[in-house]
Amino acid sequence: MGFMDRLRGSTVLREPVDILLADIAIRVQLTATDHNKAVARYQTINEWLERDGSPLQGRVQLLYAQGSMAIGATIAARLRTDEYDIDIIVELDLPSGLDAETILDLLFHSIRGKPGSRYYSMTSRRNRCVTVSYADGMHLDLTPAELVVPQLAPRTSLICHHKPETPEVPGFRLVANPFGFADWFKQMTPLDHFAEAFAKRAFDAEQRMLVEKADAVPVPPQEEAHRKSKAVIALQLLKRARNVRYDSRHNRRRPPSVMLAKLIADGANMTTTLSEEVLHQARQVHETIAAAHRQGVLISIFNPRCDRDCFTDRWPGTRAEQATYLGDLADFVGKVEYLRSGECDLREMQAVMVDLFGENPTGAVFKSFNEQLGDRIRTGQSVYRPGTSNLDLTKSGLLRPAAPVIVPAATVTTPRHTFFGGDRRE
Amino acid sequence: MTRRRSLAEQIARMAEAAPYLRETAHCDWLAIWRGPLRPLQRSYTVTITYVMRSWIGDLQVMGAFKPVVRLIEPTLQVVHPDTGDRVPHVYRDWVFPERSELCLYDPVADEWSSSALIADTIVPWACDWLACYEGWLATGEWTGGGRHPGDAPAAQAA
Chain A
1 MGFMDRLRGS TVLREPVDIL LADIAIRVQL TATDHNKAVA RYQTINEWLE RDGSPLQGRV
61 QLLYAQGSMA IGATIAARLR TDEYDIDIIV ELDLPSGLDA ETILDLLFHS IRGKPGSRYY
121 SMTSRRNRCV TVSYADGMHL DLTPAELVVP QLAPRTSLIC HHKPETPEVP GFRLVANPFG
181 FADWFKQMTP LDHFAEAFAK RAFDAEQRML VEKADAVPVP PQEEAHRKSK AVIALQLLKR
241 ARNVRYDSRH NRRRPPSVML AKLIADGANM TTTLSEEVLH QARQVHETIA AAHRQGVLIS
301 IFNPRCDRDC FTDRWPGTRA EQATYLGDLA DFVGKVEYLR SGECDLREMQ AVMVDLFGEN
361 PTGAVFKSFN EQLGDRIRTG QSVYRPGTSN LDLTKSGLLR PAAPVIVPAA TVTTPRHTFF
421 GGDRRE
Chain B
427 MTRRRSLAEQ IARMAEAAPY LRETAHCDWL AIWRGPLRPL QRSYTVTITY VMRSWIGDLQ
487 VMGAFKPVVR LIEPTLQVVH PDTGDRVPHV YRDWVFPERS ELCLYDPVAD EWSSSALIAD
547 TIVPWACDWL ACYEGWLATG EWTGGGRHPG DAPAAQAA
């Protein structure tokens, strides 16, 4: 990272709106601690699948993260609880001729084991995967896959689809390449100067959260684990906003995360600040879907590393569903515009963010921001940008800088003072 | 003891350090500034009125003899819309509560005197106050500290 990157890194989280959006993302995302826990869990499942007597002993080639876990964009699956769905591919080497139902059942029984074994009561069979549910709310969705012809892109696989509740309806196989997509996504969203500033903030926040929860801290996560590009944070925030809107729409399928990831990676990191990136990405996703809608067709997005891997095969089912999400995106764009306008104070920003991202993370984020702000003022550490009345959040210590802060000689810290007067609070 | 700053010094320093505050009136013993303060994202219009201790013939000029800061726009929210608490750290104006003066420093603790420059003390303190006010409106908690009448000053309390 060069000098200019370090300089920019100290300015990307500059305005309160950028810091508060970053804090919302930090509150809803998978912590580094939980990320490590998920990795340990699927490694344990890998060992379990290879146990003596397992129907899949010797058949497991590889277990690897796919979806949001593979691109670092995992957020809580529910609005009010820290429950995370972790997507894992179980690459299998199976005899030819097995159908989708058989393969899914084989993985289900291999993980579940006999009554009394560790995963027996935690395992359930889904349409395309087997889910292991942990007491702390984490779910591992394990998708069985077989490699297809080696001429295709690396790790192009066949996955299975079969509904367990309608066993008479035959299942089918689909071509997918989640590994290739994750690789493409990471290339399109390289870590930039923002990543370091975000990593420091996320690291500090996680330390505070661990203290709040009084968790045993096995190994303190390193800052490195939190490095993410602005585009990934924008993706997390758009997914969260989608989850909030669809939470009250019962039995309505949500726009798929992988579609959002593809569209966001297409135009990643063309901006300076986080709020600018969020706005840019929301507009771009809206425009792409709206273009299809205007032509009277449903949006169709494919994996750039596998042209038979359709990301929109299950959504939208109808133009009405498409129009619903377009309305959500237009609303999102308008509200982020307002957040960036400089016209709203913290109270209004909080109300808008509660509407967009839910009460749960937003209330905690504003409370924490207000405590940090008050702490700096109370202890005489507020610093204003020279020639302005604008609080310098980095030099005031609300934000740990990406690079050491060089305080110009002309900068003067606000003289310490004590607010006075008013009614005594009982 | 440091000498009292003249009004000319106050005006000159304000023009240099806080040019966004426009001087709207001044005479030998009074200066008024008005303009926007923007500690976080939202802009607030305030007035700062400073009446210096002085005499017109044998009549003493009436005034607080300290800078008085008032929030003009948006109107001061005297009562919190959710908690019903009254806004802390103001000298309450019982007739026009929304014109209450912001309490920026502890008079007992000698944090401000006429030897201090308003631009370097009162202006950043008003920004601090507004930042805390925003946080109070958002969360119901005033986190910037302060002393209420009747509480022991910080030095005595320690």
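Protein sequence lines, in the order shown, are assigned to chains A and B.
My numbering applies: residue 1 is where the first sequence begins, and numbers increase by one.
My numbering applies: residue 427 is where the second sequence begins, and numbers increase by one.
Even glycine gets a Cβ: it sits at the ideal position worked out from N, Cα and C.
Note that the structure is predicted; figures quoted are calculated from it, not measured.
Chain A contacts made by the segment 539 to 558 of chain B, where a contact means CB separation under 9 Å: A542, D546, T547, V549, P550, W551, A552, C553, D554, W555, L556, A557 and C558
Chain B within 8 Å of A/Q350, Cβ atoms only: Taking the first sequence and counting its residues from 1, the one referred to as residue 350 of chain A is at position 350. Answer yes: the Cβ-Cβ gap between A/Q350 and chain B drops below 8 Å somewhere.
Alpha carbon of B/L603 to alpha carbon of B/G566, nearest angstrom: Coverage of chain B is limited to positions 427 through 584, which leaves residue 603 of chain B absent and any answer about it impossible.
Short-range partners of chain B found in the segment 376 to 395 of chain A, where Cβ spacing is below 8 Å: I377, R378, S382, Y384, G387, T388, S389, N390 and L391
Own chain residues within Cβ distance below 7 Å of B/Y446, not counting five before or after: Position 20 of the second sequence holds residue 446 of chain B. Here the set comprises G461 and P462.
Against chain A: residues of the segment 521 to 538 of chain B by CB proximity under 7 Å: C529, L530, Y531, D532, P533, A535 and E537
Three or more C-beta pairs below 8 Å linking the segment 321 to 336 of chain A and the segment 272 to 286 of chain A: yes
Beta-carbon proximity of A/T271 to A/K335, cut-off 8 Å: One-based indexing of the first sequence puts residue 271 of chain A at position 271. One-based indexing of the first sequence puts residue 335 of chain A at position 335. In this structure, A/K335 does not lie closer than 8 Å to A/T271 by Cβ.
Beta carbon proximity, B/Y446 to chain A, threshold 8 Å: Sequence index remark: in the second sequence, residue 446 of chain B carries index 20 (1-based). Yes, its Cβ sits closer than 8 Å to a Cβ of chain A.
Within 8 Å of chain A by C-beta, residues of the segment 445 to 473 of chain B in sequence order: P445, Y446, P462, L463, R464, P465, L466, Q467, R468 and S469
Contacts that B/L563 makes with chain A (C-beta to C-beta distance below 8 Å): Translated into positions along the second sequence, residue 563 of chain B becomes position 137. Result: D345, L346 and R347.
Local Cβ density within 10 Å of A/Y84, reported as buried at 16 or more and exposed below that: Residue mapping note: residue 84 of chain A aligns to position 84 of the first sequence, counting from 1. Counting Cβ neighbours within 10 Å, A/Y84 comes out buried, since at least 16 surround it.
9 Å Cβ cut-off: residues of chain A touching B/V505: Against the second sequence, residue 505 of chain B aligns to sequence position 79. In chain order: nothing, as chain A lies at least about 11 Å away.
Nearest-angstrom Cβ-Cβ length linking A/H417 and B/Y531, presumed shorter than 8 Å: Reading the first sequence from its first residue, position 417 is the one you call residue 417 of chain A. Reading the second sequence from its first residue, position 105 is the one you call residue 531 of chain B. About 4 Å; that satisfies the 8 Å criterion.
Any chain B beta carbon closer than 8 Å to A/P415: Working through the first sequence from its first residue, we reach residue 415 of chain A at position 415. With 8 Å as the cut-off, A/P415 counts as an interface residue toward chain B.
Own chain residues within Cβ distance below 7 Å of B/G510, not counting five before or after: As a first step, residue 510 of chain B must be located in the second sequence, where it is residue number 84. Around B/G510: no qualifying Cβ.
Collapsed DSSP secondary structure at B/V516 in the structure displayed: On the second sequence, position 90 is the one that residue 516 of chain B refers to. Looking at B/V516 - three-state DSSP - the assignment turns out to be strand.
Collapsed DSSP secondary structure at A/V17 in the structure displayed: Along the first sequence, read from residue 1 onward, the residue named residue 17 of chain A stands at position 17. In the structure shown, A/V17 sits in a helix (DSSP, three-state: H, G or I).
Rounded straight-line distance, which links the Cα of B/M478 to that of A/A22: In the first sequence, counting from the first residue as 1, residue 22 of chain A sits at position 22. In the second sequence, counting from the first residue as 1, residue 478 of chain B sits at position 52. Computed Cα separation, rounded: 47 Å.
Of the listed residues A/N177, A/D136, A/V132 and A/H139, nearest to A/L147 (C-alpha basis): Position 147 of the first sequence holds residue 147 of chain A. Nearest of A/N177, A/D136, A/V132 and A/H139 to A/L147, Cα basis: A/N177.
Burial state of B/M488 (16 or more Cβ within 10 Å): The residue labelled residue 488 of chain B in the question sits at position 62 within the second sequence. Looking at its Cβ environment, which holds fewer than 16 other Cβ atoms inside 10 Å, B/M488 is exposed.
Close-in-space but distant-in-sequence residues of the same chain around A/D353 (CB under 6 Å, 5 per side omitted): Residue numbering aside, residue 353 of chain A sits at position 353 when the first sequence is read from its first letter. According to the sequence displayed, residue 353 of chain A carries Met and not Asp. Closer than 6 Å at the Cβ level, and outside the excluded window around A/M353, lie T362.
C-alpha distance - A/K114 paired with A/M122, whole-angstrom precision: Indexing the first sequence from 1 puts residue 114 of chain A at position 114. Indexing the first sequence from 1 puts residue 122 of chain A at position 122. If you take the alpha carbons of A/K114 and A/M122, they lie about 12 Å apart.
Nearest to A/P316 (by Cα), restricted to the options A/L98, A/P55, A/F420 and A/L298: Taking the first residue of the first sequence as 1, we reach residue 316 of chain A at position 316. Closest by alpha carbon: A/L298.
Bridge-paired residues (DSSP) for B/A451: The residue given as residue 451 of chain B occupies position 25 in the second sequence. Bridge partners of B/A451: B/I458.
Neighbour flag for A/K367 against chain B, beta carbons, 8 Å: As a position in the first sequence, residue 367 of chain A is number 367, starting the count at 1. With 8 Å as the cut-off, A/K367 counts as an interface residue toward chain B.
Beta-carbon proximity check, A/V244 vs A/F357, cutoff 8 Å: Counting from 1 along the first sequence, the entry for residue 244 of chain A is found at position 244. Counting from 1 along the first sequence, the entry for residue 357 of chain A is found at position 357. Contact flag set, yes.
Which of helix, strand or coil DSSP assigns to A/V217: Here residue 217 of chain A refers to the residue found at position 217 of the first sequence. Unreliable placement is indicated for A/V217, whose pLDDT of 45 sits below 50; no coordinate value is reported for it.
Cβ neighbours of A/L94 in the same chain (closer than 7 Å, five flanking residues each side left out): For the purposes of this step, residue 94 of chain A is taken as residue 94 along the first sequence, with counting starting at 1. Excluding positions up to five away in sequence, the list reads R59, I103 and E146.
Residue(s) in a DSSP beta bridge with A/P144: Residue numbering aside, residue 144 of chain A sits at position 144 when the first sequence is read from its first letter. Answer by DSSP bridge pairing, in chain order: A/V90.
Beta carbon of A/R305 nearer than 8 Å to that of A/F172: The residue labelled residue 305 of chain A in the question sits at position 305 within the first sequence. The residue labelled residue 172 of chain A in the question sits at position 172 within the first sequence. No, the Cβ-Cβ distance between A/R305 and A/F172 is not below 8 Å.
A/I33 versus A/T318, A/A202 and A/L191, residue with shortest Cα-Cα distance: Along the first sequence, read from residue 1 onward, the residue named residue 33 of chain A stands at position 33. Note on residue identity: the sequence assigns Thr, not Ile, to residue 33 of chain A. When each option's Cα is compared against that of A/T33, the closest is A/A202.
Selection from A/S389, A/S396, A/R240 and A/F369 that minimises the alpha carbon distance to A/Q381: If you number the first sequence from 1, residue 381 of chain A lands on position 381. The shortest Cα separation from A/Q381 among A/S389, A/S396, A/R240 and A/F369 belongs to A/S396.
Nearest to A/A290 (by Cα), restricted to the options A/T273, A/D307 and A/A323: On the first sequence, position 290 is the one that residue 290 of chain A refers to. It is A/A323.
Cutoff 8 Å: A/L373 Cβ touching any chain B Cβ: Sequence index remark: in the first sequence, residue 373 of chain A carries index 373 (1-based). Chain B, which has a Cβ nearer than 8 Å to the Cβ of A/L373, makes this yes.
Closest Cα partner of A/M138 within the set A/L263, A/H35 and A/A73: Within the first sequence, residue 138 of chain A is the residue found at index 138, counting from 1. Among A/L263, A/H35 and A/A73, the Cα nearest to that of A/M138 is on A/H35.
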